[in-house]
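Asks: Read in order, the letters of the sequence shown are residues -7 to 144 in our numbering.
Every residue gets a Cβ at the ideal spot worked out from N, C-alpha and C, and that includes glycine.
Got a structure here, written out as C-alpha cells. Questions coming.
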Amino acid sequence: MKDINSLNRVILVGRIGKKPEIRYSAQTQRPVARFTLATNEVYINRNTNEKVQRTEWHKVYMWGPLAEFASQYLTTGRLILVEGKLRSREWQDRNGVKRISTEIEAQSVVLLGRREEISEMEEPIVTPEPPEEFLPEPVIDETPPDEEEPPF
-7 MKDINSLNRV ILVGRIGKKP EIRYSAQTQR PVARFTLATN EVYINRNTNE KVQRTEWHKV
53 YMWGPLAEFA SQYLTTGRLI LVEGKLRSRE WQDRNGVKRI STEIEAQSVV LLGRREEISE
113 MEEPIVTPEP PEEFLPEPVI DETPPDEEEP PF
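If you want it as C-alpha cells, here you go:
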C-alpha cells in the first residue's frame, strides 16, 4: 500500500554531460542506460555584486525502452527534462570506506529545444566534466526483491 502522505518525485531540466552508456542486466538482459546531467543556477554574490554560475551534476539511469531511447537520441550537450525518483545505495570502496550514492531513476524524458537548433548544431554544447565522484562505482547485489539494480 502506498503512503498518500509521501512523495518521491524529481524534475530536472539540464544538459547531458556525456552520451548515455547502455548495458544489459545479467539475469534478464533488460537494458539500462546511465548518464550525467548538468543543471545550472545563476545568482548574484551580495558581497561582490557579481553573477555566479553554479553547476550541479546528477547521475541519471533508466530501464527498458526508455534506456534504448536514451542511447539512440540523447547526445552530449542536449537539453532535456527528466522526471523520476531519487534512489540511494551504499557500498564499500577498495579501501573499505563506506560510500553512498544518490541517483535519479528516470521515468520519463522530454527533449527540449527547437528542432532547427538541434539539426543545425554542428558541435555539441560542451559542459565541464563531472567530478571524479561521478564515475561508475562497483555494484553491490543487495537489491530488494521487487527492484533491479543497474549493472554499473
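Going by beta carbon distance, what residues of the same chain come within less than 7 Å of P12, once the five residues before and after it are set aside?
Replies: Your numbering for residue 12 matches position 20 in the sequence shown. Excluding sequence neighbours, P12 sits near A25, R26, F27, A62, S63, L66.
Asks: Measuring only the C-alpha atoms, how far is E60 from P23?
Replies: Residue mapping note: residue 60 aligns to position 68 of the sequence shown, counting from 1. Residue mapping note: residue 23 aligns to position 31 of the sequence shown, counting from 1. Between E60 and P23, the C-alpha separation is close to 7 Å.
Asks: Would you mind stating whether L78 and N(-3) have Cβ atoms separated by less than 7 Å?
Replies: As a position in the sequence shown, residue 78 is number 86, starting the count at 1. As a position in the sequence shown, residue -3 is number 5, starting the count at 1. Against a cut-off of 7 Å, the Cβ pair of N(-3) and L78 comes out as no contact.
Asks: Is it right to say G9 is buried, meaning 16 or more other beta carbons lie within 10 angstroms of its own, or is it exposed?
Replies: Translated into the one-based positions of the sequence shown, residue 9 becomes position 17. Buried, by the Cβ-count rule.
Asks: Which value, in whole angstroms, describes the spacing of the CA atoms of R91 and K51?
Replies: Locating residue 91 in the sequence shown gives position 99, counting from the first residue. Locating residue 51 in the sequence shown gives position 59, counting from the first residue. Cα to Cα, the separation comes out at about 15 Å.
Asks: What separation, rounded to the nearest whole angstrom, lies between the Cα atoms of E48 and N41?
Replies: Looking up residue 48 in the sequence shown gives position 56. Looking up residue 41 in the sequence shown gives position 49. Cα-Cα distance, rounded: 22 Å.
Asks: Go ahead and label L73 buried or exposed: buried means 16 or more other beta carbons lie within 10 angstroms of its beta carbon, across all protein chains shown.
Replies: Mapped onto the sequence shown, residue 73 falls at position 81. Result: exposed.
Asks: Taking its Cβ as the centre, do 16 or more other Cβ atoms sit within 10 Å of R70, making it buried, or is it exposed?
Replies: Numbered from its first residue, the sequence shown carries residue 70 at position 78. Classification of R70: buried, given that the 10 Å Cβ count is 16 or more.
Asks: Starting from the C-beta of Y35, find all residues in its chain whose C-beta is less than 8 Å away, skip the five residues before and the five after it, and write them out in chain order.
Replies: By one-based count along the sequence shown, residue 35 stands at place 43. Only K43, V44, R46 meet the Cβ criterion.
Asks: Let's see if you can read the secondary structure: which residues bound the alpha helix (DSSP H) around A59?
Replies: As a working mapping, residue 59 is identified with position 67 in the sequence shown. Its alpha helix (DSSP H) spans residues 56 to 65.
Asks: Starting from the C-beta of V5, find all residues in its chain whose C-beta is less than 6 Å away, skip the five residues before and the five after it, and write them out in chain order.
Replies: Counted from its first residue, the sequence shown places residue 5 at position 13. Closer than 6 Å at Cβ, skipping near neighbours: L73.
Asks: What separation, rounded to the nearest whole angstrom, lies between the Cα atoms of D(-5) and W55?
Replies: Taking the first residue of the sequence shown as 1, we reach residue -5 at position 3. Taking the first residue of the sequence shown as 1, we reach residue 55 at position 63. Near 24 Å, if we compare the C-alpha coordinates of W55 and D(-5).
Asks: At 3 residues or longer, what runs of the beta strand (DSSP E) sit wholly inside the region 21 to 105?
Replies: Runs of beta strand (DSSP E) with 3 or more residues, each lying fully within the region 21 to 105, are found at 23 to 37, 42 to 55, 71 to 84, 90 to 103, listed in chain order.
Asks: Write down the C-beta distance between A18 and L58 rounded to the nearest angstrom, noting that I regard them as a contact closer than 8 Å.
Replies: Your numbering for residue 18 matches position 26 in the sequence shown. Your numbering for residue 58 matches position 66 in the sequence shown. In fact, because the Cβ distance is near 20 Å, the residues do not count as touching under 8 Å.
Asks: Judging by CA-CA distance, which residue of R7, T31, E33 is the nearest neighbour of G105?
Replies: Taking the first residue of the sequence shown as 1, we reach residue 105 at position 113. Of the candidates R7, T31, E33, the one whose C-alpha sits nearest the C-alpha of G105 is R7.
Asks: Give the DSSP-derived three-state secondary structure of R15 in the structure shown.
Replies: As a position in the sequence shown, residue 15 is number 23, starting the count at 1. Reduced to three states, the DSSP call for R15 is strand.
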